[in-house]
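Top to bottom, those sequences are chains W and E. So the first sequence is numbered by this note's numbering: it starts at 3 and just counts up by one. So the second sequence is numbered by this note's numbering: it starts at 209 and just counts up by one.
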Amino acid sequence: EAGVAQSPRYKIIEKRQSVAFWCNPISGHATLYWYQQILGQGPKLLIQFQNNGVVDDSQLPKDRFSAERLKGVDSTLKIQPAKLEDSAVYLCASSHLTYEQYFGPGTRLTVT
Amino acid sequence: QKEVEQDPGPLSVPEGAIVSLNCTYSNSAFQYFMWYRQYSRKGPELLMYTYSSGNKEDGRFTAQVDKSSKYISLFIRDSQPSDSATYLCAMDGGSQGNLIFGKGTKLSVKP
Numbered sequence: 003e004a005g006v007a008q009s010p011r012y013k014i015i016e017k018r019q020s021v022a023f024w025c026n027p028i029s030g031h032a033t034l035y036w037y038q039q040i041l042g043q044g045p046k047l048l049i050q051f052q053n054n055g056v057v058d059d060s061q062l063p064k065d066r067f068s069a070e071r072l073k074g075v076d077s078t079l080k081i082q083p084a085k086l087e088d089s090a091v092y093l094c095a096s097s098h099l100t101y102e103q104y105f106g107p108g109t110r111l112t113v114t
Numbered sequence: 209q210k211e212v213e214q215d216p217g218p219l220s221v222p223e224g225a226i227v228s229l230n231c232t233y234s235n236s237a238f239q240y241f242m243w244y245r246q247y248s249r250k251g252p253e254l255l256m257y258t259y260s261s262g263n264k265e266d267g268r269f270t271a272q273v274d275k276s277s278k279y280i281s282l283f284i285r286d287s288q289p290s291d292s293a294t295y296l297c298a299m300d301g302g303s304q305g306n307l308i309f310g311k312g313t314k315l316s317v318k319p
């Protein structure tokens, strides 16, 4: 079974630029999550999708972050404009059951 | 007080030692308790999950939950250098699926 795929793996941008991350979940997993993991911290949920609907985006900074999952499969997370404090690893996870979330390798973002 | 507290370590042990990793939490609504392992520059990997109180064993790994004390543990027996990683505890209130993670404990097992 293929795991969660993410791209790119690394991205370096300047502050105020925009960036987008892509995620392909495990086939058949209806629920998709985006997490932000700052160095030395545990992952923090940004947004949760059930199929193509948003379940929870309470911790998403909506003035600069957006996410979509148009066909209920792949998802993109965008940051525009980026700030220095957005430097982190962005993890995508998918699940069939809530407590069994499977994570991708993450995208390491550096904002300079 | 944070919802989930976890000592970040680092923790260094010799090969073959028994490792004890712990988390405390404040929200009594949590029902599922997970342990994830995260190798450097990789995504977290689910090791074990436990529902409510009790013990669960899987090979060299044992997870314990004490809901009365709001305390969970992960024990690793006969630790190996390949166990060197960051261990994250996570909890789920059983509703929509918002996992709350601890900061993670960085473990190093020396040969």
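For every residue, glycine included, the Cβ atom is placed at its ideal position computed from N, Cα and C. None of the values given here were measured: they were computed from a predicted structure.
Burial state of residue i (16 or more Cβ within 10 Å)
| i | result |
| --- | --- |
| ALA237 of chain E | exposed |
| VAL56 of chain W | exposed |
| VAL71 of chain W | Just to set this straight, residue 71 of chain W is Arg in the shown sequence, not Val. Flag for ARG71 of chain W reads buried. |
| ARG245 of chain E | buried |
| LEU99 of chain W | exposed |
| LYS64 of chain W | exposed |
| ILE226 of chain E | exposed |
| ASP88 of chain W | buried |
| ALA4 of chain W | exposed |
| SER261 of chain E | exposed |
| SER77 of chain W | buried |
| TYR247 of chain E | exposed |
| GLY310 of chain E | buried |
Anticipated Cβ contact below 8 Å, residue i with residue j, distance rounded
| i | j | result |
| --- | --- | --- |
| VAL21 of chain W | CYS94 of chain W | Their Cβ separation, rounded to whole angstroms, is 15 Å, which puts VAL21 of chain W and CYS94 of chain W out of contact at 8 Å. |
| ILE308 of chain E | GLU211 of chain E | 5 Å |
| THR294 of chain E | ASP215 of chain E | Not really, about 12 Å apart at Cβ, beyond 8 Å. |
| ILE40 of chain W | VAL113 of chain W | About 12 Å separates the two Cβ atoms, so there is no contact after all. |
| ASN306 of chain E | GLN50 of chain W | 7 Å |
| LEU296 of chain E | GLU102 of chain W | So it is not a contact: roughly 15 Å between Cβ atoms. |
| PRO27 of chain W | VAL75 of chain W | 7 Å |
| LEU79 of chain W | ALA69 of chain W | 5 Å |
| ALA271 of chain E | LYS278 of chain E | About 15 Å; that fails the 8 Å criterion. |
| MET299 of chain E | TYR259 of chain E | Their Cβ separation, rounded to whole angstroms, is 11 Å, which puts MET299 of chain E and TYR259 of chain E out of contact at 8 Å. |
Given residue i as reference, the closest of the options once Cα atoms are compared
| i | options | result |
| --- | --- | --- |
| LYS318 of chain E | E:PRO289, E:GLY217, E:GLN246 | E:PRO289 |
| ARG18 of chain W | W:LYS85, W:GLU102, W:GLN50 | W:LYS85 |
| GLN52 of chain W | W:ILE15, W:CYS25, W:SER96, W:GLU87 | W:SER96 |
| ASN230 of chain E | E:GLU265, E:ASP266, E:GLY217 | E:GLY217 |
| GLN61 of chain W | W:PHE105, W:LYS46, W:ASP88 | W:LYS46 |
| LEU219 of chain E | E:SER292, E:ALA298, E:ARG268 | E:SER292 |
| MET242 of chain E | E:SER281, E:ILE284, E:GLY262, E:MET256 | E:MET256 |
| ASP59 of chain W | W:TYR35, W:SER77, W:GLN82, W:LYS73 | W:TYR35 |
| ARG11 of chain W | E:TYR233, E:THR232, E:ARG249 | E:ARG249 |
| ALA32 of chain W | W:TRP24, W:LYS73, W:PHE23 | W:LYS73 |
| ASP274 of chain E | E:GLY251, E:TYR233, E:GLY224, E:TYR247 | E:TYR233 |
| GLU223 of chain E | E:LYS311, E:GLY310, E:LEU315, E:ASP286 | E:ASP286 |
| LEU111 of chain W | W:PHE105, W:ILE81, W:TYR104 | W:ILE81 |
Minimum Cβ-Cβ distance from residue i to chain W less than 8 Å
| i | result |
| --- | --- |
| LEU307 of chain E | yes |
| MET242 of chain E | yes |
| LEU219 of chain E | no |
| TYR279 of chain E | no |
| LYS250 of chain E | yes |
| ASP300 of chain E | yes |
| TYR257 of chain E | yes |
| LEU229 of chain E | no |
| LEU282 of chain E | no |
| GLY312 of chain E | yes |
| LEU315 of chain E | no |
| PRO216 of chain E | yes |
Residue-level contact to chain E via CB, residue i, 8 Å cutoff
| i | result |
| --- | --- |
| GLU87 of chain W | no |
| PHE105 of chain W | yes |
| ASP59 of chain W | no |
| GLU102 of chain W | yes |
(message) Residues of the segment 285-298 of chain E in Cβ contact with chain W at a cutoff of 7 Å, in chain order, please.
(response) LEU296
(message) Output needed in chain order: residues of the segment 29-54 of chain W with a Cβ under 9 Å from some Cβ in chain E.
(response) THR33, TYR35, TYR37, GLN39, GLY42, GLN43, GLY44, PRO45, LYS46, LEU47, GLN50, GLN52
(request) May I ask you to list, following chain order, the residues of the segment 73-99 of chain W that have a beta carbon less than 8 Å from some beta carbon of chain E? (result) LEU93, ALA95, SER97
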